[in-house]
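Mind the numbering: the sequence shown is residues 1 to 278 in the UniProt record's numbering, read in order.
To start, the structure under review is shown below, and the notes come after it.
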Amino acid sequence: MNIGIIGLGLMGASFAKRLSPQKDKTIYGIDQNKQTIQTALELNIIKEGSTDPGKLIKKCNLIILALYPTMIKPWIVENQQYLESGTILMDISGVKTNIVEPVQAILRKDLELISIHPMCGRESRGINFAQADIFDNANYIIVPTNKNTPTAIEAAKQLGKDLRVKNISILSCEEHDRMIGFLSQLTHVIAVSLMNTHDNSHLVEYTGDSFRDLTRIATINEDLWSELFLLNKDILLDEIDQFLDATKHFRDSLEKEDIDEMKRLFIQSTNRRKLFNK
Numbered sequence: 001m002n003i004g005i006i007g008l009g010l011m012g013a014s015f016a017k018r019l020s021p022q023k024d025k026t027i028y029g030i031d032q033n034k035q036t037i038q039t040a041l042e043l044n045i046i047k048e049g050s051t052d053p054g055k056l057i058k059k060c061n062l063i064i065l066a067l068y069p070t071m072i073k074p075w076i077v078e079n080q081q082y083l084e085s086g087t088i089l090m091d092i093s094g095v096k097t098n099i100v101e102p103v104q105a106i107l108r109k110d111l112e113l114i115s116i117h118p119m120c121g122r123e124s125r126g127i128n129f130a131q132a133d134i135f136d137n138a139n140y141i142i143v144p145t146n147k148n149t150p151t152a153i154e155a156a157k158q159l160g161k162d163l164r165v166k167n168i169s170i171l172s173c174e175e176h177d178r179m180i181g182f183l184s185q186l187t188h189v190i191a192v193s194l195m196n197t198h199d200n201s202h203l204v205e206y207t208g209d210s211f212r213d214l215t216r217i218a219t220i221n222e223d224l225w226s227e228l229f230l231l232n233k234d235i236l237l238d239e240i241d242q243f244l245d246a247t248k249h250f251r252d253s254l255e256k257e258d259i260d261e262m263k264r265l266f267i268q269s270t271n272r273r274k275l276f277n278k
């Protein structure tokens, strides 16, 4: 299999690091940054690299789109002319409804886009932070639509196996975006808001594990996450509203010194958190 990875940042280069040692795969890299391509060649994670997609992607039968979400459709419009008939494309974007359906609508009939989402990442960005083991304990979501064939869905499953992810699941675009709105986007909003509550730099010497754990993801790629939030705006606003309601309820219980209700909330949260330890 010849795999073209479009975008050799943190995730794209991590794909390359995991897949390039596999003898049945040849990895080609496309990136707008020449130095990034040179780094990928020096790391021996791609066979060839270029800033010009037209030079390499015609060699590939699988394309992994490791681009910022709003870059995916323009890339398809500009470059699908170079792709061989039957090529499968896989985007890894963090939101789906407002990305996948518009792209599928303009895609050539002899090409196919199947959306995937490895639930992994790091706070850092760029090829220098890429790691093959980023996938080791990851959940991996396949997000097909009615335009996808069983062949493409099976190819997405096989890629997950090749990445050696922990779990492979299938969700619809709507299910995915609702899930990601709560599990990922809302948690980032909470972490960012917590860090912005006070100018808390003077507290660094006193920080404990709880604060570090809660705010780890407050170190955030502002360009990427602004896009993700806006593309999932309605769902994320609803999740924020539900969180504010839960916070207000806890605040009211505290103000009333309702210790029974506070204990009930503690017990409920403890029991729900245990489910994630499995």
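Ideal Cβ placement from N, Cα and C applies to all residues, glycine included.
Values in this document were obtained by computation on a predicted structure and should not be read as measured data.
TODO: Have a look at residue 292 and I116 and give me their C-alpha separation to the nearest angstrom.
DONE: This structure gives no information on residue 292, because the portion of the chain shown stretches from 1 to 278.
Open item on the list: Check whether the segment 172 to 191 and the segment 240 to 248 are in contact - that is, three or more C-beta pairs closer than 8 angstroms.
Closed with: Result yes; three or more Cβ-Cβ pairs closer than 8 angstroms.
Task: Buried or exposed (CB count within 10 angstroms, at least 16 for buried), G54 - done: By the C-beta density criterion, G54 is exposed, having fewer than 16 other C-beta atoms within 10 angstroms.
Task: P69: first and last residue of the uninterrupted alpha helix (DSSP H) it sits in - done: Unbroken alpha helix (DSSP H) run through P69: 69 to 79.
Task: Straight-line Cα distance separating I217 from I64 - done: Using only the alpha carbons, I get a separation of about 25 angstroms.
Task: Touch test, the segment 77 to 89 against the segment 15 to 25, Cβ-Cβ under 8 angstroms, three pairs minimum - done: Counting Cβ pairs under 8 angstroms, fewer than three are found: no touch.
Open item on the list: Using 8 angstroms for Cβ pairs, my map puts A13 next to I45. What's the rounded Cβ distance?
Closed with: About 7 angstroms separates the two Cβ atoms, so the contact holds.
Open item on the list: Which residues does DSSP list as the beta-bridge partners of G12?
Closed with: According to DSSP, which records beta bridges pairwise, G12 is partnered with nothing at all.
Task: Anticipated Cβ contact below 8 angstroms, I92 with M11, distance rounded - done: Indeed, because the Cβ distance is near 6 angstroms, the residues count as touching under 8 angstroms.
Open item on the list: My assumption, with CB atoms under 8 angstroms, is that L89 sits in contact with E112. Please give the rounded CB distance.
Closed with: With a Cβ gap of about 7 angstroms, L89 and E112 count as contacting.
Open item on the list: Could you pull the DSSP bridge partners for T26 from this structure?
Closed with: According to DSSP, residue pairing for T26 in a beta bridge involves N2.
Task: DSSP three-state assignment for I45, whether helix, strand or coil - done: Coil.
Open item on the list: Does P118 come out as helix, strand or coil in the three-state DSSP assignment?
Closed with: P118 carries a strand assignment under DSSP once its states are collapsed to helix, strand and coil.
Task: Beta-carbon contacts of M1 that lie in its chain and below 7 angstroms, excluding the five residues immediately before and after - done: The answer, listed in chain order, is D24, K25, N61, L62.
Task: Option in A105, E261, D136, G181 with minimal Cα separation from L228 - done: Comparing Cα positions, the closest option is G181.
Task: Own chain partners of V95 with C-beta closer than 7 angstroms, once the 5 adjacent residues on each side are dropped - done: The beta carbon of V95 is closer than 7 angstroms to those of P69, D177, I180, L228, L231, N232 in its chain, skipping five residues each way along the sequence.
Task: Cβ neighbours of G121 in the same chain (closer than 8 angstroms, five flanking residues each side left out) - done: Only L10, M11, I134 meet the Cβ criterion.
Task: Span of the alpha helix (DSSP H) around D234 - done: Start and end: 233 to 255.
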